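Visitor: Heads up: the protein sequence lines correspond to chains P and A, in order.
UniProt numbering puts the first residue of the first sequence at 1, with every later residue one more than the last.
UniProt numbering puts the first residue of the second sequence at 1, with every later residue one more than the last.
Glycine included, each C-beta is placed from N, C-alpha and C at the ideal position.
In this text, all values refer to a predicted model and were calculated from it rather than measured experimentally.
First the structure, which I've put down as structure tokens, then a few questions once you've had a look.
There are 2 protein chains.
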Amino acid sequence: MSAEPRGFSRRRLIAGAGGGAVVGAAVGFAGGRAASPAQASASDALDLSTAYDFYTGDHQVGIATPPQRHLVFMSLDVVEGTTAEQLKVLFARWSAAMATMMKGDPVGSVEPSRANGVPQDTGEAYDLSPASLTLTLGLGPTLFDDRFGLAGKGPRLLEEIPRLPGDELQAELCGGDLALQACADDPQVAYHAIRGLTRIGRGLVTTRWTVLGFGRASAGKGQKTPRNLMGLKDGTRNIKTDEELDEFVWVTDPDEPAWMRGGSYLVTRKINMDIEVWDGTTVETQHATIGRDKGEGAPLSGEKEFDTPDFKAVRHGEPVIDPTSHVALAASENNGGAKILRRGYNFTDGLNSLGQLDAGLFFIAFQKDPETFVDLQRKLGRVDLLNEYIAHVGSAIFAVPRAPRSGHFLAQELFG
Amino acid sequence: MSAEPRGFSRRRLIAGAGGGAVVGAAVGFAGGRAASPAQASASDALDLSTAYDFYTGDHQVGIATPPQRHLVFMSLDVVEGTTAEQLKVLFARWSAAMATMMKGDPVGSVEPSRANGVPQDTGEAYDLSPASLTLTLGLGPTLFDDRFGLAGKGPRLLEEIPRLPGDELQAELCGGDLALQACADDPQVAYHAIRGLTRIGRGLVTTRWTVLGFGRASAGKGQKTPRNLMGLKDGTRNIKTDEELDEFVWVTDPDEPAWMRGGSYLVTRKINMDIEVWDGTTVETQHATIGRDKGEGAPLSGEKEFDTPDFKAVRHGEPVIDPTSHVALAASENNGGAKILRRGYNFTDGLNSLGQLDAGLFFIAFQKDPETFVDLQRKLGRVDLLNEYIAHVGSAIFAVPRAPRSGHFLAQELFG
Chain P
1 MSAEPRGFSR RRLIAGAGGG AVVGAAVGFA GGRAASPAQA SASDALDLST AYDFYTGDHQ
61 VGIATPPQRH LVFMSLDVVE GTTAEQLKVL FARWSAAMAT MMKGDPVGSV EPSRANGVPQ
121 DTGEAYDLSP ASLTLTLGLG PTLFDDRFGL AGKGPRLLEE IPRLPGDELQ AELCGGDLAL
181 QACADDPQVA YHAIRGLTRI GRGLVTTRWT VLGFGRASAG KGQKTPRNLM GLKDGTRNIK
241 TDEELDEFVW VTDPDEPAWM RGGSYLVTRK INMDIEVWDG TTVETQHATI GRDKGEGAPL
301 SGEKEFDTPD FKAVRHGEPV IDPTSHVALA ASENNGGAKI LRRGYNFTDG LNSLGQLDAG
361 LFFIAFQKDP ETFVDLQRKL GRVDLLNEYI AHVGSAIFAV PRAPRSGHFL AQELFG
Chain A
1 MSAEPRGFSR RRLIAGAGGG AVVGAAVGFA GGRAASPAQA SASDALDLST AYDFYTGDHQ
61 VGIATPPQRH LVFMSLDVVE GTTAEQLKVL FARWSAAMAT MMKGDPVGSV EPSRANGVPQ
121 DTGEAYDLSP ASLTLTLGLG PTLFDDRFGL AGKGPRLLEE IPRLPGDELQ AELCGGDLAL
181 QACADDPQVA YHAIRGLTRI GRGLVTTRWT VLGFGRASAG KGQKTPRNLM GLKDGTRNIK
241 TDEELDEFVW VTDPDEPAWM RGGSYLVTRK INMDIEVWDG TTVETQHATI GRDKGEGAPL
301 SGEKEFDTPD FKAVRHGEPV IDPTSHVALA ASENNGGAKI LRRGYNFTDG LNSLGQLDAG
361 LFFIAFQKDP ETFVDLQRKL GRVDLLNEYI AHVGSAIFAV PRAPRSGHFL AQELFG
């Protein structure tokens, strides 16, 4: 019984002509991951030693940061009777704790010296590497109703997502006054961080819903674009350059509150996939539904993943890419040039109520104007061929403040 | 906004005198992971290129294999009316698929060449590294009732776990005719494997329950022994040598069926932890409950993690280690020398019905005689101080056949 280490080159199935551009471009992001020799090597290793800085004074991490392998996303409600002053203190304490945990340090004592002391840090990440942890805070529209003295102080474009075509939303998976997003390459690090933050918020916030997400850990066998649980590459045409981030993601409107400029709007959708049904369909159906082939991920009008789709191509009098395919409907060419930054994670909660494998995509998108998402989903929800296999069951929107400078905290100006 | 890679030495909190012995010894296991230069390096990287061999002809992998970071465990029931011949074919097909997926290869076509072909492999692990995937099959006691022509052919010691003190079992989290355990360092690889196996079993088996588990990804900052979600080191005194495996884990009884010799008995317990209650207790309470300190993990009678606990030590007329602490009750010294091989994973299902953080330990133990576990838990369930913070909600037992040689399949002799 012996281990058989395998090389990188043996089964490099997907050559992906433009593949190098994707990950390469990501390094150019503000907040980009430090180049890791281990990851670039033939042994396909995941580097866990990277730590990101919280006090960028610019954009929060966890938006343009190259996606880590694990997500814990939590939506929270603020307890009635909480004051703006208490929220201010909470945001200050959260900011300090986020900065500390992102360095890989515990939040206070794991083991107090006094016997009757209660540990401040819960300890399960005590001696683990920072694992590229990023922690991101979002503020929901309901935070700015009349309960906490913050009415009228919200960002200009922060409104509930309207009901959209095809929605099968469950109230308990929607909304929230606040959101905490933890992403890390170690699941125990991500879970510890969210647990630590909820502990700090005890008495002021309660958890509304939570999603645990995962991506693939390896990227060394030629896979530049991750695959979702339908087996499809997801993210081929995602935003990849600083210029696109400036154009489509970061809020620049001078009429927005100061704490929001450099921030973004975060939309989440919990999307269930009927994977057992999908798994029974033919490859032709799968190709037509998405508008790309499955192995290479090339548009049906092209040959390579990064070929630009030709939505006008015709074969035997029929469009090569069905106009109601997912790719055709979502393409920026067909949406007035609009783009969103997607940062989705796969999820499974085990089994669904029918005893079938439960799986899906926790869709996360950042954009400078939430209306961009709403317009897109209004169209997709109506006619997307993919709708036969998916259901949107959760939905939420949050304003994501800019990151503080050292000595300051998130959304500090909100509290005057 | 810049990434700040951090070194290994900066915060090596836990020196652990005997620490080197643990991981070192694991390499000596049959099925040990190939030494990975990346993991041993200061950059703390997780090697994903390792592939294990399925056809060992000896013990199945996933038992003594050093624990990978992710677990997908599935319990299945066989559909009424299924014949032994059909089960035989299923085991043969599963064995072939397990061997293929452990190499990192897809099970058949991801993209059939015929347009009306249905993909054989679901594709989400298409170009990923093998990530140390191990797949392990277990057979439950109910497989050998009179439904499938296998009555009387079961292993000698395979019986349902009796009701034990403190049990709060939920029927839907217990039992099963069959079990599939997938462990890998990539969550997408582990999920893909279980999904692929259930697909092969469609029409013959249905899923009964499933658990998704995780451990910590990094081990490079001095952490030899992982921590559970109570923040406690878990596994300090676990079985670590080939001699102990032979003595306590592998079935050698010549009266057992041939396919069971070299196998083992697998016990699972889904254990919920009241972590919000635990987090509110003092460090003194936590130390007394477990019988060890939290940071170092040393027995309260000693100074270092691997110091042998002295259960007779007395201070101010009181035992230093409470006789009802978890360590005292579970120690082999206090159980006639008995040991079990534990291979637990942390889990969280998000929130529990009270809206509190839901978390726990999916306890997995391998032993040559299930009675060893039963005796131990009968004692722990009655008086363990830890019981105030945990609840056993799921329970199951499975016989784990030996591994086949190439050209054969799991439990082949069972079908005559």
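1. What number of angstroms, rounded off, separates the C-alpha of A:A171 from the C-alpha of A:G394?
2. Do P:L76 and P:L178 have their CB atoms nearer than 8 Å?
3. Given that a residue counts as buried once 16 or more other Cβ atoms are within 10 Å of its Cβ, and exposed if not, what is P:V277?
4. Does the beta-carbon of A:G215 have 16 or more other beta-carbons within 10 angstroms, so that it is buried, or is it exposed?
5. State yes or no: is the beta carbon of A:F214 nearer than 8 Å to at least one beta carbon in chain P?
6. Decide if A:E388 is buried, meaning its Cβ has at least 16 other Cβ atoms within 10 Å, or exposed.
7. Using a Cβ cut-off of 8 Å (strictly closer), state whether A:G302 contacts chain P.
8. Quick check: what's the CA-CA separation for P:I63 versus P:R343?
9. Should A:G138 go down as buried or exposed, given a rule of 16 or more other Cβ atoms within 10 Å for buried?
10. Does the beta-carbon of P:N346 have 16 or more other beta-carbons within 10 angstroms, so that it is buried, or is it exposed?
11. When we look at the beta-carbon of P:V189 and count the other beta-carbons within 10 Å, is it buried (16 or more) or exposed?
12. Using the three-state DSSP reduction, which class does P:V249 fall into: helix, strand or coil?
13. In whole angstroms, give me the CA-to-CA distance for A:W250 and A:Q356.
14. When you compare the CB positions of A:F73 and A:T268, do they come within less than 8 Å of one another, or not?
15. Taking the beta carbon of P:E85 as the centre, do at least 16 other beta carbons fall within 10 Å, making it buried, or is it exposed?
16. Is A:L341 close to chain P? Criterion is C-beta to C-beta, closer than 8 Å.
17. Any C-beta of chain A sitting closer than 8 Å to the C-beta of P:V22?
18. Pull out every residue of the stretch 125-153 of chain P whose Cβ sits closer than 9 Å to any Cβ of chain A, in chain order.
19. Rounded to whole angstroms, what is the Cα-Cα separation between P:G28 and P:D242?
20. Look up A:F214 in the DSSP assignment and give the residues it is bridged to.
21. With three or more beta-carbon pairs closer than 8 Å as the criterion, would you say the stretch 290-309 of chain P touches the stretch 361-370 of chain P?
22. Assuming P:A396 and P:C174 make a contact with CB atoms under 8 Å, what is their CB distance in whole Å?
23. Can you list the residues of chain A that P:V199 reaches, using a CB-CB cut of under 7 Å?
24. Reducing DSSP to helix, strand and coil, say where P:F415 ends up.
25. When you check each C-beta in the stretch 178-197 of chain A against every C-beta of chain P, which residues fall closer than 8 Å?
26. To which residues does DSSP link residue 429 of chain A through a beta bridge?
27. Could you give the C-beta distance for P:G262 and P:H70, rounded to a whole number, given that I count them as a contact under 8 Å?
28. Sorted by chain position, which residues of the same chain lie with C-beta nearer than 6 Å to A:A391's C-beta, five sequence neighbours on each side aside?
29. Compare the C-beta of P:K294 with all C-beta atoms of chain A and state if any pair is closer than 8 Å.
30. Using CA coordinates, which residue listed in A:N335, A:L229, A:S113 and A:G297 is at the minimum distance from P:Y191?
31. What's the C-alpha gap between P:V205 and A:V61?
32. Is A:F373 helix, strand or coil by DSSP?
33. Tell me which residue opens and which closes the beta strand (DSSP E) that A:T134 is part of.
34. Using DSSP bridges, identify the partner residues of P:S75.
35. Count the other C-beta atoms from every protein chain shown that fall within 10 angstroms of the C-beta of P:R156, then say buried if there are 16 or more, exposed otherwise.
36. Using a beta-carbon distance cut-off of less than 8 Å, what residues from the stretch 362-376 of chain P approach chain A?
Guide: Considering the structure as presented:
1. Here residue 171 of chain A refers to the residue found at position 171 when the second sequence is read from its first residue. Here residue 394 of chain A refers to the residue found at position 394 when the second sequence is read from its first residue. In a straight line, the C-alpha of A:A171 is about 8 Å away from that of A:G394.
2. Working through the first sequence from its first residue, we reach residue 76 of chain P at position 76. Working through the first sequence from its first residue, we reach residue 178 of chain P at position 178. It is a contact, given that the beta carbons lie within the stated cut-off.
3. In the first sequence, the residue the question calls residue 277 of chain P occupies position 277. Label assigned to P:V277: exposed.
4. If you number the second sequence from 1, residue 215 of chain A lands on position 215. The residue is buried, with at least 16 neighbouring Cβ atoms inside 10 Å.
5. The count along the second sequence starts at 1 and reaches residue 214 of chain A at position 214. Closer than 8 Å to some Cβ of chain P, the Cβ of A:F214 qualifies, so yes.
6. For the purposes of this step, residue 388 of chain A is identified with residue 388 of the second sequence, where counting begins at 1. Label assigned to A:E388: exposed.
7. Taking the first residue of the second sequence as position 1, residue 302 of chain A is located at position 302. For A:G302, the answer is no, since every Cβ of chain P falls outside 8 Å of its Cβ.
8. As a first step, residue 63 of chain P is located in the first sequence; it is residue number 63 there, counting from the start. As a first step, residue 343 of chain P is located in the first sequence; it is residue number 343 there, counting from the start. P:I63 and P:R343: Cα-Cα distance of roughly 8 Å.
9. As a first step, residue 138 of chain A is located in the second sequence; it is residue number 138 there, counting from the start. Buried, by the Cβ-count rule.
10. Position 346 of the first sequence, counted from the first residue, corresponds to residue 346 of chain P. P:N346 should be labelled buried.
11. Position 189 of the first sequence holds residue 189 of chain P. With 16 or more other Cβ atoms within 10 Å, it is buried.
12. Sequence index remark: in the first sequence, residue 249 of chain P carries index 249 (1-based). Residue state, collapsed to three classes: coil.
13. Position 250 of the second sequence, counted from the first residue, corresponds to residue 250 of chain A. Position 356 of the second sequence, counted from the first residue, corresponds to residue 356 of chain A. Roughly 40 Å separates the two Cα atoms.
14. For this step, residue 73 of chain A is matched to residue 73 along the second sequence. For this step, residue 268 of chain A is matched to residue 268 along the second sequence. Yes, they are a contact pair.
15. Taking the first sequence and counting its residues from 1, one reaches residue 85 of chain P at position 85. Result: exposed.
16. The sequence position of residue 341 of chain A within the second sequence is 341, counting from 1. Chain P contact via Cβ: absent.
17. The sequence position of residue 22 of chain P within the first sequence is 22, counting from 1. Low per-residue confidence applies at P:V22: pLDDT is 25, beneath 50, and the placement is therefore not dependable enough to give any value.
18. A125, Y126, D127, L128, S129, P130, A131 and S132
19. For the purposes of this step, residue 28 of chain P is taken as residue 28 along the first sequence, with counting starting at 1. For the purposes of this step, residue 242 of chain P is taken as residue 242 along the first sequence, with counting starting at 1. Caution applies to P:G28, whose pLDDT of 27 falls short of 50 and renders its modelled position unreliable; the value that the coordinates give is listed next. If I take the Cα positions, the gap works out to 7 Å.
20. Sequence index remark: in the second sequence, residue 214 of chain A carries index 214 (1-based). Note: A:F214 sits in a beta bridge opposite A:H70 and A:N346.
21. no
22. Residue mapping note: residue 396 of chain P aligns to position 396 of the first sequence, counting from 1. Residue mapping note: residue 174 of chain P aligns to position 174 of the first sequence, counting from 1. Yes, P:A396 and P:C174 are in contact; Cβ-Cβ is about 6 Å, under 8 Å.
23. As a position in the first sequence, residue 199 of chain P is number 199, starting the count at 1. According to the sequence provided, residue 199 of chain P is Arg. The question's Val does not apply to it. In chain order: D279.
24. By one-based count along the first sequence, residue 415 of chain P stands at place 415. The answer is helix: DSSP assigns P:F415 an H, G or I state.
25. D185, D186, P187, Q188, V189, Y191 and R195
26. Absent from the structure is residue 429 of chain A, since the part of chain A shown begins at 1 and ends at 416.
27. Looking up residue 262 of chain P in the first sequence gives position 262. Looking up residue 70 of chain P in the first sequence gives position 70. That belief does not hold up - the Cβ atoms of P:G262 and P:H70 are roughly 26 Å apart, past 8 Å.
28. Here residue 391 of chain A refers to the residue found at position 391 of the second sequence. So the qualifying residues of the chain are E168 and N272.
29. By 1-based counting over the first sequence, the position of residue 294 of chain P is 294. Chain A, which has a Cβ nearer than 8 Å to the Cβ of P:K294, makes this yes.
30. Within the first sequence, numbered from 1, the residue matching residue 191 of chain P stands at position 191. Looking at the Cα atoms, A:L229 is the closest of the given residues.
31. Position 205 of the first sequence holds residue 205 of chain P. Position 61 of the second sequence holds residue 61 of chain A. Approximately 45 Å, taken between the alpha carbons.
32. Taking the second sequence and counting its residues from 1, the one referred to as residue 373 of chain A is at position 373. It is helical.
33. Counted from its first residue, the second sequence places residue 134 of chain A at position 134. A:T134 -> beta strand (DSSP E) spans T134 to L139.
34. Looking up residue 75 of chain P in the first sequence gives position 75. Its beta-bridge partners are P:A179 and P:W209.
35. The residue given as residue 156 of chain P occupies position 156 in the first sequence. So P:R156 counts as exposed.
36. none
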